[in-house]
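Peer 1: Note that the UniProt record's numbering numbers the sequence shown so that position 51 is 51, with each residue one more than the last. Yeah, the Cβ is synthetic: ideal placement off N, Cα and C, and Gly gets one too.
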Amino acid sequence: MKEGKEDMKPEVFKALLRFAYTGLLPETRKDQDVTCQHLLVAADRYGMRRLKLICEEKLCECINVGSAAIVLALAEQHRCEGLKKACFDFLAAPANLRAVVATEGFQHLSRSCPSLMAEVITMSLGIS
Numbered sequence: 001m002k003e004g005k006e007d008m009k010p011e012v013f014k015a016l017l018r019f020a021y022t023g024l025l026p027e028t029r030k031d032q033d034v035t036c037q038h039l040l041v042a043a044d045r046y047g048m049r050r051l052k053l054i055c056e057e058k059l060c061e062c063i064n065v066g067s068a069a070i071v072l073a074l075a076e077q078h079r080c081e082g083l084k085k086a087c088f089d090f091l092a093a094p095a096n097l098r099a100v101v102a103t104e105g106f107q108h109l110s111r112s113c114p115s116l117m118a119e120v121i122t123m124s125l126g127i128s
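#1: Take GLU11 as the anchor and find which of THR22, ASN64, TYR21 and GLN32 has the nearest alpha-carbon.
#2: Buried or exposed, going by whether 16 or more other CB atoms sit within 10 Å of the CB of ALA102?
#3: What's the C-alpha gap between CYS80 and LEU17?
#4: Answer with buried or exposed for GLN37, where buried requires no fewer than 16 other C-beta atoms within 10 angstroms of its C-beta.
#5: In three-state DSSP terms, what is GLY82?
#6: For GLY126, which option in ALA93, LEU109 and SER112 has the closest C-alpha, if you only look at C-alpha atoms?
#7: My output table needs one value for THR103: the three-state DSSP class, helix, strand or coil.
#8: Considering only residues of the same chain and omitting the five flanking positions on each side of ALA86, which have a CB-CB separation below 7 Å?
#9: Do the CB positions of SER124 and LEU97 come within less than 8 Å of each other?
#10: Per DSSP, what kind of secondary structure is ARG45 in: helix, strand or coil?
#11: I need the straight-line Cα distance from VAL65 to GLY23, nearest angstrom please.
#12: Could you tell me the boundaries of the alpha helix (DSSP H) in which VAL71 lies?
#13: Would you check if the distance between the CB atom of ALA43 and the CB atom of CYS55 is smaller than 8 Å?
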């Protein structure tokens with residue numbers, strides 16, 4: 001998510017316009033999760049609640065070791081509670097948590113959302 005405040009990738013802008021005019025998203029592609037991340041940011045920025053919810057739902061289905069930390073940071077920054085819960089559900093498996101901690105995305109998460117680190121630690125220790 002390296003866009004500036006006013007920048008948007010052309011394919012994200014195209015998808016945003018398509019959704020605004022047709023209510024449809026583009027066909028599923030190989031990098032759908034990355035496009036959905038950017039589209040969620042745009043939907044939040046422009047107050048497109050339905051699109052934001054659709055992106056959140058799609059991202060819930062795409063959480064993996066490589067994306068979990070980035071998606072969790074995104075969920076926190078854009079107030080996506082369902083997506084945040086899905087990330088924590090994924091991280092609840094000790095093997096997943098160990099693998100995610102070793103990623104660059106986890107380092108980004110610890111820098112960009114330090115408040116989430118307490119939640120991750122609490123969850124990993126099994127403390128309610």
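Peer 2: So, from the listed chains and residues:
#1: GLN32
#2: With fewer than 16 other Cβ atoms within 10 Å, it is exposed.
#3: Taking the straight line from one Cα to the other gives about 22 Å.
#4: In summary, GLN37 is buried, with 16 or more beta-carbon neighbours lying within 10 Å of its beta-carbon over all protein chains present.
#5: helix
#6: Of ALA93, LEU109 and SER112, the residue nearest in Cα terms is ALA93.
#7: coil
#8: CYS60 and ILE63
#9: yes
#10: helix
#11: 31 Å
#12: 68 to 77
#13: yes
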